[in-house]
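Structure record follows, encoded as structure tokens.
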Amino acid sequence: MLDETDRRILNALQGDFPICQRPYLAAADRLNLSERKLLACLKRMLKERVLTRFGPLYNADRMGGINVLAAMVVPEADYEDTAAVVNAQPEIAHNYRREHRLNMWFVGAGETPGAVETAFLRIEAATGLPVYRFPKEREYFVELKLKL
Amino acid sequence: MKLDATDRRLVITTQAGLALTPEPYRAVAEQLGIAPEEVMRRLLAMHKAGVLRRIGAVPNHYALGYRANGMTVWDVADDRVDGLGERVGQLAFVSHCYRRPRRLPDWPYNLFAMVHGHDRAEVEAYRAEIQSMLGEACRSHDVLYSTGILKKTGLRIGG
Chain A
1243 MLDETDRRIL
1253 NALQGDFPIC
1263 QRPYLAAADR
1273 LNLSERKLLA
1283 CLKRMLKERV
1293 LTRFGPLYNA
1303 DRMGGINVLA
1313 AMVVPEADYE
1323 DTAAVVNAQP
1333 EIAHNYRREH
1343 RLNMWFVGAG
1353 ETPGAVETAF
1363 LRIEAATGLP
1373 VYRFPKEREY
1383 FVELKLKL
Chain X
163 MKLDATDRRL
173 VITTQAGLAL
183 TPEPYRAVAE
193 QLGIAPEEVM
203 RRLLAMHKAG
213 VLRRIGAVPN
223 HYALGYRANG
233 MTVWDVADDR
243 VDGLGERVGQ
253 LAFVSHCYRR
263 PRRLPDWPYN
273 LFAMVHGHDR
283 AEVEAYRAEI
293 QSMLGEACRS
303 HDVLYSTGIL
313 KKTGLRIGG
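As structure tokens, then:
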């Protein structure tokens, strides 16, 4: 699915895309490609869903918004009903089943801590199960580099 | 950083991706009714403030064969966790790395690192690499594999 040019593009362009008038041209120059070739490869990789998207990645935490990881211990018999309650909250962005005693993991996202907390309280009230909150206390710098 | 109304419109307009045309920032500027130079100036300011992490290709891990992801969790001594967390974050196979509160007695882990591999065996090998990096500072650890996506809507700010 990926040829050598695709790999070079992916390895070089997971960040560092220029902010200038002709950014694809500037990025293509660094890769010894034409602007037209780079655009064609990116379009194809998006179409083939090798890329989720091409563009800015924002940090919601730094925009005044907040997101909080949380988990619950859900009895198997209640699993589907509990997932329905959790998923029905608009503040819940992701919800995953994981193999552990804490078997439901989700992220509450909102404009304020209060909005997220309210969603967690609603889930606790509706299910009778405690929601374990895991707010991030510190984020360690992650180098972005899926090597292909 | 406090975003003004124009910054927020800029985020909303670009968070799904940039146009694949030679002048993508001009395309954004035309949508917002501002000058391309102002789009670039605002993006640079947001990048400097950390609001904009980066601009580039966002690969689809699953499509590229990275089909296993494990949330590795570690109980690391409080006086060592920040130094070690920075090092774990540098590992190529780690996509997110955070310190979070313990929830005793049920949850003794304070360091979370998301690990990606082609299969679980590869994730386990990476987990062993983290374990040897943490050494005696780590008292216990675990890995949680996801077995189902129950909801996924993306963390987007509203319009």
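Which chain is which? The protein sequence lines are A and X, in order. For the first sequence, this note's numbering assigns the number 1243 to the initial residue and increments by one for each residue that follows. For the second sequence, this note's numbering assigns the number 163 to the initial residue and increments by one for each residue that follows. Glycine included, each C-beta is placed from N, C-alpha and C at the ideal position.
Using 8 angstroms as the threshold, is the C-beta distance between ARG1291 of chain A and ASN231 of chain X below it?
no
Thinking just about the alpha-carbon of each residue, which of X:ALA219, X:VAL173, X:LEU296 is nearest to the one in ALA239 of chain X?
X:LEU296
Could you tell me which residues DSSP puts in a beta bridge with SER308 of chain X?
A:ARG1340
Check the Cβ-Cβ distances between MET1305 of chain A and every residue of chain X, and say whether any is below 8 angstroms.
yes
Using a Cβ-Cβ cut-off of 8 angstroms (strictly less than) and excluding sequence neighbours within five positions of ARG1264 of chain A, which residues of its own chain qualify?
GLU1277
Alpha carbons only, please: which of X:ASP241, X:LEU312, X:HIS303, X:ALA167 is nearest the one belonging to GLU286 of chain X?
X:HIS303
Write down the C-beta distance between ARG1339 of chain A and SER308 of chain X rounded to the nearest angstrom, noting that I regard them as a contact closer than 8 angstroms.
7 angstroms
If you draw a straight line from the alpha carbon of LEU1399 of chain A to that of ARG215 of chain X, how long is it in whole angstroms?
Given a span of 1243 to 1390 for chain A in the structure shown, any question on residue 1399 of chain A remains unanswerable.
Chain X beta carbons: is any one of them nearer than 8 angstroms to that of LYS1389 of chain A?
yes
Just how far apart, CA to CA, sit ASP169 of chain X and GLN293 of chain X?
42 angstroms
Inter-residue Cα distance where the pair is VAL1316 of chain A and HIS209 of chain X:
40 angstroms
Secondary structure of GLY321 of chain X, DSSP reduced to three states
Bear in mind that a pLDDT of 36 at GLY321 of chain X, under 50, signals an unreliable position, so the model cannot answer this.
Would PHE1259 of chain A and GLY212 of chain X qualify as a contact pair, given that the criterion is a beta-carbon distance under 8 angstroms?
no
So, are the CB atoms of VAL250 of chain X and ALA275 of chain X less than 8 angstroms apart?
yes
Since ASN1301 of chain A meets chain X, which of its residues come closer than 7 angstroms, beta carbon to beta carbon?
GLY212, VAL213, ARG215
Buried or exposed, going by whether 16 or more other CB atoms sit within 10 Å of the CB of ALA1269 of chain A?
buried
Taking just the CA atoms, how far does GLN177 of chain X sit from GLY321 of chain X?
With a pLDDT of 36 at GLY321 of chain X, under the threshold of 50, the modelled position of this residue cannot be trusted; read the value that follows with caution. Rounded to the nearest angstrom, the two C-alpha atoms are 11 angstroms apart.
For a quick check, are the C-beta atoms of GLN1331 of chain A and ALA1361 of chain A less than 8 angstroms apart?
yes
At least one CB of chain A closer than 8 angstroms to the CB of ALA197 of chain X: is that the case?
no
My understanding is that GLU1353 of chain A touches GLY1307 of chain A, with C-beta atoms under 8 angstroms, so please give their C-beta distance in whole angstroms.
6 angstroms
Mind listing which residues of the region 1284 to 1299 of chain A have their C-beta closer than 9 angstroms to chain X's C-betas, in chain order?
LEU1284, LYS1285, MET1287, LEU1288, GLU1290, ARG1291, VAL1292, LEU1293, THR1294, ARG1295, PHE1296, GLY1297, PRO1298, LEU1299
My output table needs one value for VAL173 of chain X: the three-state DSSP class, helix, strand or coil.
helix
Enumerate in chain order the residues of its own chain whose CB-to-CB distance from ASN1329 of chain A is below 7 angstroms, with the five nearest sequence positions on each side excluded.
ASN1337
Establish whether the CB of HIS258 of chain X and some CB of chain A are separated by less than 8 angstroms.
yes
Just to confirm, are VAL1327 of chain A and ARG1375 of chain A a CB contact at a threshold of 8 angstroms?
no
Contact list for MET233 of chain X against chain A, beta-carbon separation under 8 angstroms:
ARG1340, TRP1347
Beta-carbon neighbours of ASP244 of chain X, restricted to chain A and to distances below 7 angstroms
ARG1380
Reducing DSSP to helix, strand and coil, say where ARG204 of chain X ends up.
helix
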